[in-house]
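Residue numbers (the working numbering): 7 to 354.
Backbone N, C-alpha and C fix where the C-beta goes; we use that ideal spot for every residue, glycine too.
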């Protein structure tokens, strides 16, 4: 029988796992995703907005009393108690603290996996996944607002004792009794869900530079990103609406597209009329992608995530977007505003 780990050893193991996950952009982007470990009556949970890739370098895991979290779930309110860390920072637990609390396994990993999102945004996702996830205890969780609503919905699914949850239009959750078991299960799921990217034509940076004309936008400096605009199917998906929460939180409700005969300023004004904000990303089909001059590092990572997701959706497949109500609720949710504020602080 193995010797139980001390609280410090448990947190160190969780930090090591989180840092490893954070280094893989197909699993974690910017401050998205979260991990946790239960130690008796305490839930060690990643702080909201913190980047997993920096685990072990920064304070980011907070001890939360499980009984208090469950009491919040029963009252229908999120657990948002801030704590001062050893370094003096005031941090709030992850917006998904309640989700981690309801799962019985000791270690829980929640990631916005590219390979999972490919399936999670398709209405036929559950049907496609039955064969790919055969032999695993898994559940498809229809989209509900993150936080307590999601925690309550997951709690209803626990009768089947799932170790894997595919969250519609959201991401992936895997759980195990140790960090090693959870990581191994995550690797198995990722392998089962992987799809190749569809080929796309290269972008035309010179044409994009002329279109930008030294204004508020510039050609995206990452060659692969231009596939969002050079591939017609990807362009249609990316511009159709919000695919998952971090899509709208970091990039806006949809991606702006310059229509035939339209200037970039006309496209931006049209977008602003529709969504109440200027775009941070503009697709110029079939030439490539423009981004704002001050695009944040977090938004960059989310843009790469979007590109990797849409270029793996099989050509002709149907996709579903978050409703306008869901998008509005996310954008105006205090928990997400807090997470964005933390992300901005980390980029200073």
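Nearest to residue i (by Cα), restricted to the options the options
i: residue 115; options: 68, 210 and 40; result: 40
i: residue 127; options: 331, 319, 47 and 293; result: 319
i: residue 325; options: 286, 244, 298 and 50; result: 244
i: residue 229; options: 56, 45, 297 and 38; result: 297
i: residue 234; options: 216, 75 and 208; result: 208
i: residue 304; options: 255, 156, 225 and 179; result: 255
i: residue 316; options: 334, 21, 205 and 211; result: 205
i: residue 149; options: 141, 169, 174 and 159; result: 174
i: residue 3; options: 29, 71 and 239; result: The structure shown does not extend to residue 3, since the chain is modelled only from 7 through 354, so no value can be given for it.
i: residue 97; options: 103, 68 and 334; result: 68
i: residue 329; options: 260, 19, 144 and 221; result: 260
i: residue 338; options: 131, 247, 197 and 251; result: 251
i: residue 266; options: 18, 217 and 33; result: 217
i: residue 86; options: 153, 141 and 38; result: 153
i: residue 80; options: 161, 198 and 146; result: 161
i: residue 169; options: 158, 177 and 145; result: 145
i: residue 198; options: 221, 215 and 135; result: 135
i: residue 102; options: 95, 83 and 188; result: 83
i: residue 327; options: 212, 249 and 262; result: 249
i: residue 219; options: 172, 240, 156 and 270; result: 270
i: residue 334; options: 253, 163 and 29; result: 253
i: residue 224; options: 54, 100, 31 and 300; result: 300
i: residue 236; options: 211, 19, 25 and 215; result: 211
i: residue 171; options: 31, 147 and 203; result: 147
i: residue 95; options: 177, 54 and 18; result: 54
i: residue 239; options: 264, 279 and 322; result: 322
i: residue 121; options: 264, 141 and 192; result: 192
i: residue 302; options: 141, 35, 272 and 140; result: 35
i: residue 314; options: 130, 187, 203 and 268; result: 203
i: residue 131; options: 156, 178 and 157; result: 178
Whole-Å CB distance - residue i paired with residue j, under 8 Å assumed
i: residue 92; j: residue 73; result: That belief does not hold up - the Cβ atoms of residue 92 and residue 73 are roughly 24 Å apart, past 8 Å.
i: residue 16; j: residue 43; result: 6 Å
i: residue 113; j: residue 21; result: 13 Å between Cβ atoms; not a contact.
i: residue 78; j: residue 48; result: The pair is not a contact, with the Cβ atoms about 15 Å apart (cut-off 8 Å).
i: residue 185; j: residue 23; result: 4 Å
i: residue 231; j: residue 290; result: At roughly 12 Å, the Cβ-Cβ gap does not stay under 8 Å, so residue 231 and residue 290 are not in contact.
i: residue 56; j: residue 38; result: That pair is no contact at about 10 Å.
i: residue 281; j: residue 258; result: 7 Å
i: residue 201; j: residue 124; result: 6 Å
i: residue 6; j: residue 143; result: Since the first residue of the chain shown is 7 and the last is 354, residue 6 is not available in this structure.
i: residue 89; j: residue 59; result: Rounded, the Cβ-Cβ distance is 22 Å, inconsistent with contact.
i: residue 262; j: residue 285; result: 4 Å
i: residue 117; j: residue 33; result: 4 Å
i: residue 100; j: residue 51; result: 5 Å
i: residue 213; j: residue 293; result: 5 Å
i: residue 176; j: residue 332; result: About 11 Å separates the two Cβ atoms, so there is no contact after all.
i: residue 264; j: residue 287; result: Their Cβ separation, rounded to whole angstroms, is 11 Å, which puts residue 264 and residue 287 out of contact at 8 Å.
For residue i, the first and last residue of its enclosing beta strand (DSSP E)
i: residue 319; result: It is not in any beta strand (DSSP E) - residue 319 carries neither H nor E in the DSSP assignment.
i: residue 44; result: 40-45
i: residue 193; result: Segment 185-199 is the alpha helix (DSSP H) holding residue 193; no beta strand (DSSP E) there.
i: residue 179; result: 177-182
i: residue 216; result: Per DSSP, residue 216 belongs to no beta strand (DSSP E); it is in the alpha helix (DSSP H), 211-218.
i: residue 268; result: Segment: none, residue 268 is in no beta strand (DSSP E) and carries neither H nor E.
i: residue 298; result: 294-298
i: residue 173; result: 170-173
i: residue 290; result: 287-290
i: residue 225; result: 223-225
Residue i CB to nearest heavy atom of the ligand FMN below 8 Å
i: residue 74; result: Among the ligands in the structure shown, none appear at all, so the ligand FMN cannot be discussed.
DSSP bridge partner residues for residue i (one or two, in chain order)
i: residue 281; result: Partner(s): none; residue 281 has no beta bridge.
i: residue 50; result: 43 and 69
i: residue 307; result: None, per the DSSP bridge assignment.
i: residue 79; result: In DSSP, residue 79 forms no bridge with anything.
i: residue 136; result: Per DSSP, none; premise fails for residue 136.
i: residue 31; result: DSSP, once it has assigned bridges, lists no residue as partnering residue 31.
i: residue 96; result: 90
i: residue 64; result: 61
i: residue 145; result: 171
Start and end residues, alpha helix (DSSP H) containing residue i
i: residue 129; result: Here residue 129 belongs to no alpha helix (DSSP H), and DSSP marks it neither H nor E.
i: residue 106; result: 103-108
i: residue 231; result: That residue, residue 231, is in no alpha helix (DSSP H); it is neither H nor E in DSSP.
i: residue 336; result: 330-337
i: residue 112; result: Unbroken run through residue 112: none, as it is neither H nor E.
i: residue 158; result: 154-163
i: residue 251; result: 251-257
i: residue 244; result: 238-245
Item checked: Cβ contact (3+ pairs, closer than 8 Å) linking the stretch 102-115 and the stretch 302-310 -> With the cut-off at 8 Å, the stretch 102-115 and the stretch 302-310 do not touch.
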